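**Student:**
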Amino acid sequence: MSLILLIEQVLNGLQFGIMLFLMAAGLTLIFGVMGLINLAHGSLYMIGAFCAAAVAAASGSFILGLIAALAGAALAGALVELVVIRRLYDKDHLDQVLATFALILIFSEGTRWIFGSFPLFLNVPEFLSGPVTLPGGIEYPLYRLTLIVIGLLVALGLYLLISKTRLGVQIRAGENDREMIGALGVDIAMLYTIVFALGAALAGLSGALVGAIQSVQVGMGEPVLILAFVVIVIGGIGSIKGALIGAILVGLTDTLGGIFLPEALKLFFDPSTATSIGSSLASMAIYILMAAVLILRPAGLFGARA
Amino acid sequence: MIRETYVNALTLLLLVAIPLWAVFMDEPFTITLMTRAAIFAIAAIGLNIALGIGGLVSLGHAVFFGIGGYAMGILAHHAQTYTPLAEWPFLIDGTKSMPLIWLVAIACSALAALVIGALSLRTTGVYFIMITLAFGQMFFFFAISWAEYGGEDGLSIYIRNGFPGLNTLAPIQFYGLCFVLLCLVLLFAWKLSKSPFGLALNAARQAPMRVETVGLDPKRVKLVAFVISGVITGLAGALFADLNRFVSPTMFSWQTSGEIMIFIILGGVGRLFGPVVGALAFVALEHWLGGLSDYWHIYLGLLLLVIVLFGRGGLIGMVSGREAVHD
Amino acid sequence: MTDPVLKTQGISKSFGALRASRDISIDLFPGEIHAVIGPNGAGKSTLIGQICGTLKPDTGSVQLLGRDVTHETARARARVGLGRTFQISSLAMEDTVLQNALLGALGASGRPWRFWKDALNDKDLRATAEEALLRVGLEGQARMRTAELSHGQRRQLEVAVALTLRPKALVMDEPMAGMGAEGSKRLTGFLDVLRQEAPILLVEHDMDAVFALADRISVLVYGEVIATGTVDEIRSDAAVQEAYLGEDA
Amino acid sequence: MKLVTMAAVAALTIGLSGAKAEPVKVGMITTLSGGGAGLGIDVRDGFMLAVKQSGNEDLEVVIEDDQRKPDIAVQLADKMIQSEKVDVLTGIIWSNLAMAVVPAATAQGKFYLSPNAGPSVLAGKGCHPNYFNVAWQNDNLHEAAGAYANFAGHKNSFILAPNYPAGKDALTGYKRFYEGDLAGEIYTKLGQTDYAAEIAQIRASGADSVFFFLPGGMGISFLKQYEDSGVDLPVVGPAFSFDQGILQAVGDAALGVINTSQWNKDIDNPTNKAFVDAFQAEYGRLPSLYASQGFDTANLLLSAMAKADVKDADAFREALKAADFSSTRGSFTFGPNHHPIQDIYVREVVKEGDVFTNKIIGTALTSHADAYWSECNM
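So, in structure tokens, the structure goes:
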């Protein structure tokens, strides 16, 4: 395997990880501040993608589509928070799992009811399509490079938001001591709605960005949701830094595992057996990674020690 | 408010009366639905021991359900193709006998639960939920790519396995078998909840430190509970595979884990009959709502939401109020 | 002179830069109540943790009945005969009072792996549990849900659970906290008798109780024992006056 | 037990002989909710269109949603057989669901007409006199793709499919006909949505063409990403990634891509023309190959009903086997294992106005049967 191919695959893993980060950041934020397990986060991802596809189709503008995804998902998030989620904060994890599972059912079938059963069209905008040549002669799709940049910008933005703004102070306070922020005179209900909507908007943005190179369809959120959970658990729940590192780890493991495991096994087995076993192992790789991390560090890489 | 005991008695009565009525009315599909509910109930009773009494929120119980299913599928597959299961170190043949299949299902589930439990119990809370989910996904993807036993297509067993003295192909006889097992499992769960072990497990959920200071190991207590729980769910998996005469990786999916959990929450967490009532209600809902509209998932979702948000203690809690003090 | 039942030898424990225990040596002899007092943040909880086995000292050793238990778990120490009550109640709140006491009896019996027999109908377990409840005066509340008990009653139950283990030594973390005057008085009387059965290491804020009960007092300040002695010695100790009592006044 | 059933069936047959044109009850188990519902809806709509056109009041259809879950499908089959007492089952989209339902249903003496799935077992060792496949054996379209690759002069193909049985069948089918070398062979994760790594491997492999089998959303993702990657090797695939429902979501990325299918809307015969027009008039959208398969299945059934009584299993089976109906595909006959012998076409994705669709550009295989019929003993 040539070095160029290796670099390209690492870039692919990185890009996949960064996309996971957008999903995971919202999820981990919501868990950190409100202590809520939100299975319906994948639905917000789907809503973002559908909003983007609908608006982009109607207006012809991808950018407008992205804005619609952010706004639509944030709105849906705020609405769900006001109607359902806020009744779940003092319930145990079990109730949260069930209630947000119910939300998945409602969102998925509701979307199918509105948009029909067929996938929608959403494509990479003209000015970002096609490959560019990187130093070293690597041809890499411009859009994927853009995704990496956007993801890193969002990570930077989140860092600044949390460390430098008033909202960030409140979020950090909320993670440490819930009674405390009430005593500080912060409107907790409002804070929670804002954080939830922010998480939703990130999920929606990620859905729209990914939707352009994948398939915008009902149920697209669940596989990503599981991966996002893997990411935040590896990183340590509540930690944005953990989410970023966890996401990149998962992205790299998944991408490189799929390539190298079958190759590595060819040293021991005949090619078709190696391909078959390697592919099976590759699909289990990230879960094995997650189990291993938790066995060694039961609260994730950057989680608060219990 | 109706006393929980009466609710339980009524549930048992329904479990007997509905299938008998179905035989009388020649409605065999109703019996099939009841069998499905009874098997789901067994699986959920298993989870309820870990979850309801031990507080172990496992989102990976599909592993045991699937292992039970595949134990049945693999043994019966070898029996129906007349190929040995293993030739080394000694010859093992497949079988079509339910009791044998159950034994294998139980042994395999126990082993899996021991390993998964020992590793997962290093974590707590959300991490525990997620690590059990991860194990579930591992088994799921493994089963999908396990070409020898059908991969994603799964395995079809053309004729239901046999039980001495019964014609298991007759729906009511197979139901009877599942019902008896359900009663046995219920009895065991009931005795367990009041036993010294149940006492320790119950305390390990509420106050692990306290259990430690009286000289018991709360983790070991929870691990044993997890194994018992996995075994019961595994048995249910073997029955479920026999009901359908079919196994597939779907049995390992996280949605299956979620559904087993839903039965418990729907019926009432930690209550003896919670899983039974929940499974009955879920199967009934699935059947009736499915006939109403293509978009019936929306109604199911709304209903679940209402129960979580407004019905503390599940369906049983809604009818009979807070759990009575044990005495 | 008899050997101490419980003894720490120069234990130290740091959390990062914070030195929560510095070279603490404390002992407990048969028949005595040894009180540990000190202002908030003096390191009392850390000390208890190390004695009971939930925290491991960085240096030093802990001996129980002449046996080095420094590296043993809380569970193992309980089996050797160390009873403990918690400052923040750690009972199974959803269970009945009797069930909590039964748990202690079960731990004492060392036979939790029984899945069929009804624990409530087990004669031995029940006798042990009921006797302990009777001794702390909770026999009338046996069927109540623990969550329904008053604060003071929960403390009594804590003691009862510890008693079911027939401990050789007791570590009590503020048993009087939150009790009314009546309850305090009653518990004081009870502990006064109990010391003959098992000596008590008593960490307590209630000075009346401490002065009424303690044979010896150790004063802990900033993780260090600044004085140990009889009630009178401590009352007149200049360092204690300054570091503790003076501040308190 | 088997004996008892057979005796019962025999008794029933004797008791009813003499009665004419018994009504036929059909149980349709198909996927109508969740992901993949589009395929089931198309099969149902095609089937019901034919039923409606026939005006035959002796045909009663019961439709149920299997949610794409095998266990639900099995239970629905039980329900249809036990409670609804249907004579014929049909509708299943997915191979794994078919494997769960078909053997049990045919063992109980019911007829099963497959409008979509064609797992190799049911064509070979597991074939059954009461099982008729009206679509294709799973390998067929892949075999045609292999044949086309030879024709197009591809010498070094890169092939990929998901890591599950149908994926393995697909690559086996392609290799069965393809004569060139393989630049690479990859099994991807089932449900995978990002193919950047695979596309990078394709780019680096020195292949001259790509064959892929990625049904549903997986294919949409792959094509979009492939287009965007700048790799411009010719791509060949089976029709499953290029049906009418999916194409609109792929958009320009699919333009010009070659795919193989046993049906297209421009096959030139009157039945097909009438079908395409009627489907559009009835449902307001272009039919897909799934819709055509549903339509053909219903017409096959109607043709058998006209000839024989469903209670007379042997006669009805012969009537089905004759396949005496006018197929949207033109010539259509059953092989000895009750699987189709039919032409398989090469299509190209084109844009007609605003709508992406397919155009036939040639025939890959003529009167093609599957590779398993010789293993079938019935």
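Residue numbers (the working numbering), protein chains in the order written: chain A, 1 to 306; chain B, 1001 to 1327; chain C, 2001 to 2249; chain D, 3001 to 3378.
For every residue, glycine included, the Cβ atom is placed at its ideal position computed from N, Cα and C.
Given the structure is predicted, the values throughout are model-derived calculations rather than measurements.
Locate the alpha helix (DSSP H) running through Thr-1081(B), then write down its first and last residues.
**Tutor:** For the purposes of this step, residue 1081(B) is identified with residue 81 of the second sequence, where counting begins at 1. Residues 1062-1081.
**Student:** In chain C, which residues lie less than 7 Å from Asn-1202(B) when you measure between Cβ atoms?
**Tutor:** Translated into positions along the second sequence, residue 1202(B) becomes position 202. The answer, in chain order, is Ala-2092 and Asp-2095.
**Student:** Tell me which residue opens and which closes the alpha helix (DSSP H) that Ile-150(A) is part of.
**Tutor:** Counted from its first residue, the first sequence places residue 150(A) at position 150. Run containing Ile-150(A): 142-164, per the alpha helix (DSSP H) assignment.
**Student:** Considering only the beta carbon of each residue, do Ile-37(A) and Ile-1131(B) sit closer than 9 Å?
**Tutor:** Counted from its first residue, the first sequence places residue 37(A) at position 37. Counted from its first residue, the second sequence places residue 1131(B) at position 131. Contact: no.
**Student:** Can you tell me which of Arg-144(A), Val-230(A), Gly-242(A) and Gly-257(A) puts its alpha carbon nearest to the alpha carbon of Leu-209(A)?
**Tutor:** Here residue 209(A) refers to the residue found at position 209 when the first sequence is read from its first residue. Considering only alpha carbons, the answer is Arg-144(A).
**Student:** Could you run through the segment 1122-1135 of chain B and flag, in chain order, every residue whose CB is less than 8 Å away from some CB of chain A?
**Tutor:** Within the segment 1122-1135 of chain B, the qualifying residues are Arg-1122, Thr-1123, Thr-1124, Gly-1125, Val-1126, Tyr-1127, Ile-1129, Met-1130, Ile-1131, Leu-1133, Ala-1134 and Phe-1135.
**Student:** Buried or exposed for Val-3121(D), going by 16 or more other Cβ atoms inside 10 Å?
**Tutor:** Taking the first residue of the fourth sequence as 1, we reach residue 3121(D) at position 121. The residue is buried, with at least 16 neighbouring Cβ atoms inside 10 Å.
**Student:** To the nearest angstrom, report how far apart Ser-3157(D) and Thr-3363(D) are at their CA atoms.
**Tutor:** Your numbering for residue 3157(D) matches position 157 in the fourth sequence. Your numbering for residue 3363(D) matches position 363 in the fourth sequence. Cα to Cα, the separation comes out at about 20 Å.
**Student:** Identify the residues that DSSP records as bridge partners of Phe-1246(B): which are they?
**Tutor:** Walking along the second sequence from the start, residue 1246(B) turns up at place 246. Looking at the DSSP assignment, Phe-1246(B) forms a beta bridge with Ser-1156(B).
**Student:** Do Gln-2947(D) and Phe-121(A) have their C-beta atoms closer together than 9 Å?
**Tutor:** Outside the shown range of chain D (3001 to 3378) lies residue 2947(D), about which nothing can therefore be said.
**Student:** Taking just the CA atoms, how far does Lys-1194(B) sit from Ala-3196(D)?
**Tutor:** Translated into positions along the fourth sequence, residue 3196(D) becomes position 196. Translated into positions along the second sequence, residue 1194(B) becomes position 194. Approximately 57 Å, taken between the alpha carbons.
**Student:** Listing by chain order, which chain D residues have their CB less than 7 Å from the CB of Ser-129(A)?
**Tutor:** Start at 1 with the first residue of the first sequence, and residue 129(A) comes out as number 129. Those are Asp-3228, listed as they occur along chain D.
**Student:** Where does Ala-3010(D) land, buried or exposed, given buried means 16+ other C-beta within 10 angstroms?
**Tutor:** The residue labelled residue 3010(D) in the question sits at position 10 within the fourth sequence. Here Ala-3010(D) scores only 42 on pLDDT, less than 50, and its place in the model should not be relied on; the value that follows carries that caveat. Its Cβ having fewer than 16 others within 10 Å, Ala-3010(D) is exposed.
**Student:** Could you check which residue in Ala-274(A), Pro-141(A), Asn-123(A) and Leu-198(A) has the C-alpha nearest to that of Ala-54(A)?
**Tutor:** Looking up residue 54(A) in the first sequence gives position 54. Comparing Cα positions, the closest option is Asn-123(A).
**Student:** Among all the DSSP beta bridges, which residues are the ones paired with Arg-3347(D)?
**Tutor:** Locating residue 3347(D) in the fourth sequence gives position 347, counting from the first residue. In the DSSP output, where bridge partners are listed per residue, Arg-3347(D) has Asn-3259(D) and Ile-3360(D).
**Student:** Contact criterion: CB-CB distance below 9 Å. Does Gly-174(A) meet it with respect to chain B?
**Tutor:** The residue you call residue 174(A) lines up with position 174 of the first sequence. Chain B, which has no Cβ nearer than 9 Å to the Cβ of Gly-174(A), makes this no.
**Student:** What are the uninterrupted segments assigned as alpha helix (DSSP H) that are 4 or more residues long and contained completely in the segment 3257-3299 of chain D, given in chain order?
**Tutor:** Whole alpha helix (DSSP H) segments, 4+ residues: 3270-3283.
**Student:** Rounded C-beta distance between Gly-3034(D) and Arg-3068(D)? I'm assuming under 8 Å.
**Tutor:** As a first step, residue 3034(D) is located in the fourth sequence; it is residue number 34 there, counting from the start. As a first step, residue 3068(D) is located in the fourth sequence; it is residue number 68 there, counting from the start. Correct: roughly 6 Å between the Cβ atoms.
**Student:** Please state if the CB of Pro-3165(D) and the CB of Asp-1153(B) are separated by a distance shorter than 9 Å.
**Tutor:** Looking up residue 1153(B) in the second sequence gives position 153. Looking up residue 3165(D) in the fourth sequence gives position 165. It is a contact, given that the beta carbons lie within the stated cut-off.
**Student:** Decide if Glu-2233(C) is buried, meaning its Cβ has at least 16 other Cβ atoms within 10 Å, or exposed.
**Tutor:** Position 233 of the third sequence holds residue 2233(C). Per the 10 Å Cβ criterion, exposed.
**Student:** Between Gly-257(A) and Leu-265(A), is the Cβ-Cβ spacing less than 9 Å?
**Tutor:** Counting from one through the first sequence, the residue named residue 257(A) turns up at place 257. Counting from one through the first sequence, the residue named residue 265(A) turns up at place 265. Not in contact: Gly-257(A) and Leu-265(A) (Cβ atoms no closer than 9 Å).
**Student:** Which residues in the same chain have their Cβ closer than 8 Å to the Cβ of Val-84(A), if we skip the five residues on either side of it in sequence?
**Tutor:** On the first sequence, residue 84(A) is found 84 positions in, with the first residue counted as 1. Excluding sequence neighbours, Val-84(A) sits near Ala-99 and Leu-103.
**Student:** Return the chain-ordered list of same chain residues with a C-beta closer than 6 Å to the C-beta of Ile-3360(D), the five sequence neighbours on each side being excluded.
**Tutor:** Residue mapping note: residue 3360(D) aligns to position 360 of the fourth sequence, counting from 1. The answer, listed in chain order, is Asn-3264, Asp-3266, Tyr-3345 and Arg-3347.
**Student:** How would you label Asn-2121(C), buried or exposed, when you count the other beta carbons within 10 angstroms and need 16 or more for buried?
**Tutor:** The residue labelled residue 2121(C) in the question sits at position 121 within the third sequence. Exposed, by the Cβ-count rule.
**Student:** Let me check one thing: in DSSP terms, what residues is Gln-2063(C) bridge-paired to?
**Tutor:** As a first step, residue 2063(C) must be located in the third sequence, where it is residue number 63. Its beta-bridge partners are Lys-2007(C) and Asp-2068(C).
**Student:** For chain B, find out if any of its Cβ atoms is closer than 9 Å to the Cβ of Tyr-3164(D); answer yes or no.
**Tutor:** Locating residue 3164(D) in the fourth sequence gives position 164, where the first residue counts as 1. So, interface residue.
**Student:** Does the beta-carbon distance from Leu-1119(B) to Ser-1257(B) come in below 9 Å?
**Tutor:** Looking up residue 1119(B) in the second sequence gives position 119. Looking up residue 1257(B) in the second sequence gives position 257. Contact flag unset, no.
**Student:** Can you tell me whether Glu-2224(C) is helix, strand or coil according to DSSP?
**Tutor:** Position 224 of the third sequence, counted from the start, is the residue given in the question as residue 2224(C). Glu-2224(C): strand per DSSP, three-state reduction.
**Student:** When Cβ atoms are compared, which residues of the segment 1250-1261 of chain B fall closer than 7 Å to chain D?
**Tutor:** Within the segment 1250-1261 of chain B, the qualifying residues are Thr-1250.
**Student:** So is Ala-1324(B) buried or exposed if we call it buried at 16+ other beta carbons inside 10 Å?
**Tutor:** By one-based count along the second sequence, residue 1324(B) stands at place 324. For Ala-1324(B), the predicted model reports a pLDDT of 45, less than 50, meaning its position is unreliable; a value from the coordinates is still stated below. By the 10 Å Cβ count, Ala-1324(B) comes out exposed.
**Student:** Starting from Leu-3113(D), follow the beta strand (DSSP E) in both directions and report where the run begins and ends.
**Tutor:** Here residue 3113(D) refers to the residue found at position 113 when the fourth sequence is read from its first residue. Note, Leu-3113(D): beta strand (DSSP E), 3111-3114.
**Student:** Which residues of chain B have a Cβ atom closer than 8 Å to the Cβ of Leu-252(A), listed in chain order?
**Tutor:** By one-based count along the first sequence, residue 252(A) stands at place 252. Ordered by position in chain B, no residue passes the 8 Å Cβ test against Leu-252(A), which lies about 18 Å from the chain.
**Student:** Counting only beta-carbon atoms, is Lys-91(A) nearer than 9 Å to chain B?
**Tutor:** If you number the first sequence from 1, residue 91(A) lands on position 91. Interface residue, yes.
**Student:** Let me confirm a value: Val-195(A) is counted as buried when at least 16 other C-beta atoms fall within 10 Å, else exposed. Which label applies?
**Tutor:** If you number the first sequence from 1, residue 195(A) lands on position 195. Buried, because 16 or more other Cβ atoms sit within 10 Å of the Cβ of Val-195(A).
**Student:** Check whether the segment 2-14 of chain A touches the segment 70-81 of chain A, taking contact to mean three or more Cβ pairs, one atom from each stretch, closer than 8 Å.
**Tutor:** Short answer: they don't touch.
**Student:** Does the segment 2008-2019 of chain C come close enough to the segment 126-141 of chain A that 3 or more CB-CB pairs lie under 8 Å?
**Tutor:** No, they do not touch.
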